[in-house]
Structures are given as structure tokens and as C-alpha cells.
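Q:
Protein chains: 2
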Amino acid sequence: MSNKNIGIKDVAVAAGVSVTTVSHVLNDVSYARISPETRNKVKSAAEQLGYGPNRLAQALRTQRTGMLGLVSEEIATTPHAGRIILGADEAAKARGYGLMIINTSGSASLESRRADVEALLERRVDGILYATMYHRNVELPANLGSVPSVLVDSVARGGNITAVIPDEDGGARAAVGALLEAGHTRVGFINNTDDVPATRQRLQAFRAMLTEAGLDGDAAPVESEVSEVHGGYEAARRILAREDRADMPTALFCYNDRMAMGAYRAAAELGLSIPGDLSVVGFDDQELIAANLHPGLTTVALPHYEMGAWATEHLIDAVEGKTDLTLMALHPTILGCPLVRRDSIAAPRP
Amino acid sequence: MSNKNIGIKDVAVAAGVSVTTVSHVLNDVSYARISPETRNKVKSAAEQLGYGPNRLAQALRTQRTGMLGLVSEEIATTPHAGRIILGADEAAKARGYGLMIINTSGSASLESRRADVEALLERRVDGILYATMYHRNVELPANLGSVPSVLVDSVARGGNITAVIPDEDGGARAAVGALLEAGHTRVGFINNTDDVPATRQRLQAFRAMLTEAGLDGDAAPVESEVSEVHGGYEAARRILAREDRADMPTALFCYNDRMAMGAYRAAAELGLSIPGDLSVVGFDDQELIAANLHPGLTTVALPHYEMGAWATEHLIDAVEGKTDLTLMALHPTILGCPLVRRDSIAAPRP
DNA sequence: GGACGTGGGACACAGATGAGCAACAAGAAC
DNA sequence: GTTCTTGTTGCTCATCTGTGTCCCACGTCC
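From first to last, the protein sequence lines are chains A and B. At position 284 of the first sequence the residue is numbered 284 (the numbering used here), and the sequence of numbers has no breaks. At position 8 of the second sequence the residue is numbered 358 (the numbering used here), and the sequence of numbers has no breaks.
1) Residue 185 of chain A by DSSP, collapsed to three states: which one?
2) Using only the alpha-carbon positions, how far apart do residue 459 of chain B and residue 309 of chain A sit?
3) Using a Cβ-Cβ cutoff of less than 7 Å, which residues in the same chain neighbour residue 218 of chain A once the five nearest sequence positions on both sides are dropped?
4) What whole-angstrom Cβ distance do residue 172 of chain A and residue 213 of chain A have, given they're in contact under 8 Å?
5) Return the CA-CA distance between residue 334 of chain A and residue 412 of chain B, expressed in angstroms with no decimal places.
6) Where does the unbroken alpha helix (DSSP H) through residue 614 of chain B begin, and where does it stop?
7) Is the beta carbon of residue 223 of chain A closer than 8 Å to that of residue 239 of chain A?
8) Using the rule of at least 16 other Cβ atoms within 10 Å of the residue's Cβ for burial, across every protein chain shown, is residue 69 of chain A buried or exposed?
9) Compare the Cα-Cα distances from residue 695 of chain B to each of B:421, B:626, B:614 and report the closest residue.
10) Pull up the distance between the alpha-carbon of residue 312 of chain A and that of residue 101 of chain A, whole angstroms please.
11) At a Cβ threshold of 8 Å, is residue 129 of chain A touching chain B?
12) Excluding sequence positions up to five away, which residues of its chain have a Cβ less than 7 Å from the Cβ of residue 155 of chain A?
13) Anything in chain B within Cβ reach of residue 53 of chain A, meaning under 8 Å, just list it in chain order.
14) Could you check whether the Cβ of residue 439 of chain B sits closer than 8 Å to any Cβ belonging to chain A?
15) So which of A:295, A:181, A:288 has the shortest CA-CA distance to residue 209 of chain A?
16) Of all the CB atoms in chain A, is at least one closer than 8 Å to the CB of residue 453 of chain B?
17) Distance check for residue 401 of chain B and residue 394 of chain B, CA to CA, integer angstroms please.
18) Under a Cβ-count criterion, where at least 16 other Cβ atoms within 10 Å of its own Cβ denotes burial, should residue 383 of chain B be classed as buried or exposed?
19) Counting pairs of Cβ atoms below 8 Å between the region 290-308 of chain A and the region 139-146 of chain A, do you hit three or more?
20) Taking Cβ positions, are residue 498 of chain B and residue 518 of chain B nearer each other than 8 Å?
21) Looking only at its own chain, which residues have a Cβ that is under 7 Å from the Cβ of residue 665 of chain B, when we skip the five neighbours before and after it?
22) Hey, would you say residue 302 of chain A sits closer than 8 Å to residue 257 of chain A, going by beta carbons?
23) Using only the alpha-carbon positions, how far apart do residue 644 of chain B and residue 431 of chain B sit?
24) Output the boundary residues of the beta strand (DSSP E) element that contains residue 166 of chain A.
25) Mind reading off the beta-carbon distance from residue 55 of chain A to residue 584 of chain B? Whole number of angstroms is fine, and I expect it under 8 Å.
26) Near residue 25 of chain A, which residues of its chain fall below 7 Å by C-beta distance, leaving aside the five closest residues on each side in sequence?
27) Give the single residue among B:371, B:561, B:545, B:539 whose Cα lies nearest to the Cα of residue 587 of chain B.
28) Determine the contact status of residue 642 of chain B and residue 261 of chain A, defining contact as a CB-CB distance below 8 Å.
29) What residues match up with residue 420 of chain B in a beta bridge as DSSP calls it?
30) At a CB-CB cut-off below 9 Å, which residues of chain B make contact with residue 292 of chain A?
31) Going along chain B, which residues have a C-beta under 8 Å from residue 286 of chain A?
32) Would you kindly work out how many angstroms separate the C-alpha atoms of residue 485 of chain B and residue 614 of chain B, rounded to a whole number?
33) CB residue 697 of chain B to CB residue 631 of chain B, shorter than 8 Å?
34) Would you say residue 60 of chain A and residue 407 of chain B are within 8 Å of each other, going by their C-beta atoms?
35) Measuring straight from C-alpha to C-alpha, what distance separates residue 675 of chain B and residue 511 of chain B?
36) Starting from residue 334 of chain A, follow the beta strand (DSSP E) in both directions and report where the run begins and ends.
Spelled out as C-alpha cells, the structure:
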């Protein structure tokens with residue numbers, strides 16, 4: 001209900017003191033010496049008038065806006081961006097900061113992304129979060145360096161900016177581990193064709209896990225396709241099409257939930273029931289898919305919320321001088337990808 | 351590359367003129383009479399120094415921040431919020447405005463939502479967009495009234511705020527129309543159980559369309575369940591479980607894509623192929639589901655992007671005094687829900 | 001001596017902050 | 001016991017942040 005036309009000056013008049021005193025009282029300035037009575041007079045006057053500070057004027061004087069810029073790729077395309085935003089929003093709100101959001105495209109020119117950052121800079125945000133849609137090596141506009149910045153879900157080419165990324169290796173190990181734990185010995189991997197860290201690291205983790213379990217990781221079947229439902233379908237058809245049924249995998253690790261969805265259909269067409277005849281595990285934990293497939297898809301969750309929150313926490317720390325980001329920039333921070341158990345894994349048929 | 355410590359004052363010194371003149375030149379003030387030479391001196395000095403205006407100071411002076419507040423429900427839960435944000439972001443960017451986003455929950459207390467709005471007000475946003483997760487009647491915090499505001503995807507209880515909502519009736523008619531057009535005469539409706547406008551209006555449109563086509567709309571089978579995949583599954587099982595096969599619907603209109611996904615599974619279990627034995631049409635156009643089901647689901651798209659853009663356009667118009675929002679507040683603006691044709695509709699078997 | 005063309009000074013926006021001033025008390029010097 | 005010193009308390013003044021804008025000053029030409 002705070003009336004927007006009430007200023008510190010009005011409070012001062014109402015309380016019969018100077019604006020300086022009001023400012024001191026309201027900001028709990030440590031070195032200010034003010035009697036308890038005066039303090040009360042000011043506070044009650046402020047309350048009565050419904051005074052609220054004008055953050056603009058404050059910011060102008062203090063050179064702190066209490067605003068964080070968030071440039072996010074493809075806000076609408078994936079729910080992932082939403083979770084990063086949510087994590088950032090809650091972390092920011094908890095520390096009294098606000099969020100200015102700008103949408104950008106991963107495929108946008110460096111120049112246009114520079115302009116996006118510039119727009120935030122013009123508004124004097126205290127720091128910037130740069131969130132990408134998926135984990136990759138990204139080229140960042142140079143003006144990002146003007147204020148403390150943190151990169152979310154990617155690593156910078158040239159990498160001298162603090163970044164937080166998901167633990168691809170650990171996630172993939174958890175997924176494959178769940179399959180091995182259930183007793184599977186013939187496990188296939190349906191991989192993505194894009195040249196991104198996840199593609200390489202998940203494959204590597206897949207092979208390593210099998211090998212560590214005493215299986216022949218290098219010989220395990222791997223099929224790559226575009227990381228969409230139809231790609232998953234095609235890859236699954238190929239991987240399950242072995243003439244020799246005894247040779248066919250009894251479990252599939254899929255690059256993501258969308259590909260797993262394709263694998264579900266391939267299995268259905270081949271008369272394979274999940275998880276009876278075939279166990280499946282995905283990656284991403286896209287609620288809309290994973291929770292709604294039948295049976296529910298066991299998958300690995302990407303820590304988008306956590307990355308958003310982590311990045312915001314540390315960005316604010318840096319803004320407030322509590323942390324030195326350049327120190328953290330040496331290596332990206334890696335956040336865990338927990339396994340989300342549903343009903344798509346069972347023991348292989350004996 | 352604009353250096354953050356360059357002010358109008360520095361430009362003035364560099365150009366050998368007063369700050370007033372710089373301000374006049376850079377803002378193209380109409381009544382200012384300044385010689386072309388001076389103009390050029392100022393402009394090149396500004397460019398050379400990499401001058402960029404401090405929007406904070408501008409805002410303080412002009413009482414205009416060029417910022418719009420967007421409070422959005424459940425940013426992360428549905429992709430819908432993302433599309434609204436995207437529409438708003440692009441519309442805002444096109445007119446030189448920025449977006450401050452705050453996430454809130456539909457179930458949050460009125461007080462906490464008031465605090466969210468207050469946070470935006472403190473930062474002196476020029477206007478506020480209040481976006482809900484789904485179309486309903488919502489109770490708004492009173493302080494929303496302090497600045498121009500537009501409600502997106504809902505109507506206010508008491509309704510004296512400009513709002514933009516989807517055309518439930520038209521969308522439902524398009525969906526049912528597509529079924530009728532394909533030749534279906536036995537059409538069922540799988541409805542939601544929530545008491546929201548969409549539930550009522552889609553049902554009404556469903557019956558009306560059938561009746562207008564000379565069928566018995568009141569007798570058409572309708573089953574209601576929670577608007578989730580399993581609800582759709584249950585409802586579809588019931589609706590397709592008629593003993594008399596000649597009585598069974600040959601087409602299903604589903605409240606949303608998630609329920610349609612359930613209907614797909616029910617059909618599969620009953621040995622009904624889509625669209626050969628059963629045509630299905632959904633609502634929402636949730637890409638992740640609709641485009642990825644097999645066959646692709648024909649559905650009705652909700653105009654989230656458009657609503658976000660429309661609301662932003664008109665909000666800015668109001669902020670700039672080009673529109674009187676109170677006039678538009680009389681009736682909510684209704685935006686069309688276009689049919690998205692995929693492959694889940696075919697003519698009924700003869 | 002106006003009219004016109006050019007440009008600058010001063011103040012406002014809302015609040016933050018270091019320096020400084022008046023009032024009073026305690027202690028010290030005479 | 002008075003006066004001076006020193007210190008403390010309580011509060012205010014002036015100035016600053018970067019821009020926009022009203023109003024006025026100066027010079028020149030008719």
C-alpha cells in the first residue's frame with residue numbers, strides 16, 4: 001500500500017527531523033548516533049506515511065542496483081530454462097535481489113548477444129547470469145566481463161569465467177549403474193549425434209561402467225541419432241534388430257528422455273514389454289515425458305534449479321565482495337545429477 | 351564496450367560544451383537550437399568515449415524506468431509460462447523496454463503475492479504484467495492498481511483490470527469441427543474435473559457443435575477425470591468400453607494433450623489404431639507431447655506467446671499514454687486458439 | 001531595441017554520507 | 001569553586017550520484 005509519492009523528505013518533516021537523520025535511522029547506519037526516541041519518531045512516521053524507499057535513487061547514489069541480469073537462451077523452448085530461472089529467482093529473492101531477464105537464442109550472432117548484455121549493463125545490473133539451454137562450449141560476448149558474471153550450464157570457450165555445469169559423468173554412471181545393479185549384462189546405448197560434452201562424456205562413462213563391472217565395454221552396442229523422439233526410435237530399432245535374440249540387449253541407456261520415448265515405441269512395435277523384456281533408462285527428467293510414459297521412465301535429473309541457485313548465490317557473493325570469482329573461474333563447478341527411479345527397470349528375464 | 355564510468359559530463363568536457371548541450375544533442379530535444387557543428391562535436395565525442403546513458407539517472411529524473419514487471423506463476427512447471435515470457439520479452443525489447451521477472455505461485459497467499467508486486471513497485475517499474483498458469487478467475491493483490499497493469503491468461507475476480515485470455519469456445523469448436531469435417535458422427539469428450547472456465551466452455555462448445563451439425567449434442571458421451579495422463583487413460587477406457595461396438599465413439603476430443611496421451615495408451619491397449627480406428631484431438635499444443643506422440647497429435651494451440659505480446663504492447667501503450675486501460679478493462683480481450691493439424695484425425699471406417 | 005540563433009546555469013529527481021556543529025558532562029588545572 | 005579542556009551524544013549541512021529541463025545570457029543582425 002506504500003504510496004509512491006512519499007519520500008524520505010516527507011518522513012523527515014513528519015518526524016520533525018532532517019532527512020539525514022531519517023536516512024540514518026532507516027538504514028541502521030552503524031556510526032550514526034541517534035536517541036531511541038528520535039529513532040521511534042522516525043520509524044513510526046515512516047510507517048504511518050507508508051514510506052518505501054525509491055530504489056532508483058538509492059542505486060544512483062550507492063552504485064548498487066540490487067538487480068541481477070539473467071540472459072537465458074530459448075526461454076520458451078525447453079522447461080529447463082524455467083527451472084534455472086526459478087532457482088535464480090528464489091536465491092535472488094532470498095537475498096533481496098531482483099532479476100532482469102532477457103531472452104536470447106543459442107544461434108544468435110555474437111553481436112546480438114552482446115547487445116543483450118549491453119542492455120543489462122545500461123541498466124546497471126550488479127552482476128550477470130548467462131544461462132544456456134544445454135551443456136556446451138559457448139562463446140561469450142566480451143562485455144560480459146564488465147561486471148561479475150557466472151555462466152550456467154556451459155563452459156566458456158577460453159574459459160575464464162566462473163561456470164557451473166551438470167555432472168555428466170556421474171549422471172551417466174548412475175543410469176548405467178542402475179541397469180547393472182538390476183542384473184543386466186547386455187546393455188546398449190542410444191546416443192546423440194551432436195558434438196557436445198554430454199555426448200562424449202556419457203558414452204565414455206557408459207563404456208567405463210561396463211568395463212569396471214567386468215563386461216566388455218568397448219563391444220557394447222551404441223547407436224547414434226538426432227536427439228529427438230524419432231531419432232530414439234530409429235536407433236532403438238537398429239539396436240534391437242539383432243537376428244540372434246540371445247545377443248540382443250536387455251537394457252537400453254538413452255541419451256535423453258525424448259529418445260527414450262522413441263525407444264518405448266520401438267519396443268512396443270517389436271512386442272517387447274518394458275520393463276519385462278527391456279529395461280530403459282533416460283536422461284534429463286523431463287517431467288512431461290518421463291513421468292507420463294507408461295511405465296514411468298527411470299531417468300537422471302539435470303540440476304537446473306540447483307545450477308540457477310548456485311550461480312546466483314555465488315554471483316551475489318561476488319557482488320558483495322565475499323567471494324573472488326576469478327579464483328573459481330579456474331575450474332567449472334560440477335553439480336550432481338541424481339537418478340530418479342520410476343518403473344522402467346527390472347531384472348532381465350533369466 | 352561502453353565504459354561504465356563515462357557520463358554526460360565527460361562528454362561535455364571532451365566536446366568543449368556544457369552538459370546541457372550534450373543532453374540536448376543526445377536526446378534530440380526539439381526546442382533546442384544547436385548548430386550542426388556543435389552537434390557533430392558532441393556526437394563524435396560521445397562515440398569516442400563509448401558513452402552510454404545511465405538509465406538509472408534518466409529514470410530518476412524522468413520518472414520513467416522503461417521497465418515492466420512480470421509476475422508469473424509457476425515459471426518452471428509448465429512451458430506455457432515460458433511462452434508468455436517470450437512474447438512479453440520480444441514485444442518489450444522491440445519498444446526499448448526491459449522485463450523484471452518475479453516468480454510466484456498460484457497457491458501463494460494474497461499477502462505474499464502482494465509482496466511480490468511491492469518489490470516491483472519499489473523498483474519503479476512503469477507497468478506490471480500479471481500472468482497466471484492457466485485460465486481462471488484470480489484474486490489480485492490490491493497494490494497492482496498503483497501502476498498500469500494487464501492480466502495475462504486469467505480474468506480478475508471483480509474484474510476491473512484489463513485482461514487477455516484464450517478463446518476457449520473457438521478453440522473447442524475448431525477441434526470438434528475438425529472431427530466433424532472428417533466425417534465423424536459419434537464423438538466423445540474427455541473432460542477435466544477442475545472448475546475452471548475452460549472445463550465449462552469447452553464442454554458447452556462441444557455439445558453446441560454437435561447439435562449445430564444435426565447430431566444429438568446432449569447425448570454425446572462425456573467422461574471427466576483429473577487432467578493428467580492417467581486421468582485421460584481412465585476416461586478413455588470408460589468411454590471406449592461400450593459393449594456395443596457400433597455405439598462406440600470413432601473420435602475423441604480431449605481436454606488437453608496430456609489426457610490425449612492417456613487416450614492413446616487406452617486405444618493401444620484396446621487394439622484400436624489411431625487414426626484408423628479412432629481419431630483424437632487434444633488441446634494446448636504442448637510440443638513435447640503433441641509433436642512426439644505417434645501419430646502426431648492434432649490439437650489446439652493456446653496463444654501464450656500472443657497473449658504475452660498483446661499484453662505487453664497494450665501495457666506499454668498505456669504507460670506512454672496512448673491507450674486508456676480502464677476502457678479496455680470492461681471486457682477481457684480474447685485471442686484465438688488455432689488448430690494445429692498433425693496426424694491423429696482420419697475419416698471413420700465406413 | 002527587438003528578434004533570432006546558440007548555448008550555459010541552476011535546480012530537481014530521492015536518497016547516502018563525511019564533515020562538522022551545538023549541547024552537555026566529566027575531569028583537570030588553577 | 002570556577003574555568004578550561006576533552007570527550008561524547010545527537011543531529012544537521014553540504015555535497016554527491018547522472019540526467020533532464022526551465023529559464024536566462026550573450027552576441028549579432030536588421
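Ideal Cβ placement from N, Cα and C applies to all residues, glycine included.
A: This is what the structure gives:
1) coil
2) 23 Å
3) 207
4) No, residue 172 of chain A and residue 213 of chain A are not in contact; Cβ-Cβ is about 14 Å, not under 8 Å.
5) 45 Å
6) 607-619
7) Residue 239 of chain A places its beta carbon less than 8 Å from that of residue 223 of chain A.
8) buried
9) B:626
10) If you take the alpha carbons of residue 312 of chain A and residue 101 of chain A, they lie about 13 Å apart.
11) Using beta-carbon distances, residue 129 of chain A does not count as an interface residue toward chain B, since no partner is under 8 Å.
12) 137, 163, 165, 332
13) 472
14) Answer yes: the Cβ-Cβ gap between residue 439 of chain B and chain A drops below 8 Å somewhere.
15) A:181
16) yes
17) 10 Å
18) That one is exposed.
19) no
20) Contact flag unset, no.
21) 418, 477, 479, 498, 500
22) no
23) 26 Å
24) 162-166 is the extent of the beta strand (DSSP E) around residue 166 of chain A.
25) Rounded, the Cβ-Cβ distance is 51 Å, inconsistent with contact.
26) 34, 39, 42, 43
27) B:539
28) yes
29) Answer is B:451, B:479, bridged to residue 420 of chain B.
30) 578, 579, 580, 608, 611, 612, 639
31) 638
32) 26 Å
33) Judged by beta-carbon spacing, residue 631 of chain B lies beyond the 8 Å limit of residue 697 of chain B, meaning their Cβ atoms are not closer than that value.
34) yes
35) 8 Å
36) Under the DSSP assignment, residue 334 of chain A falls in the beta strand (DSSP E) whose first and last residues are 333-335.
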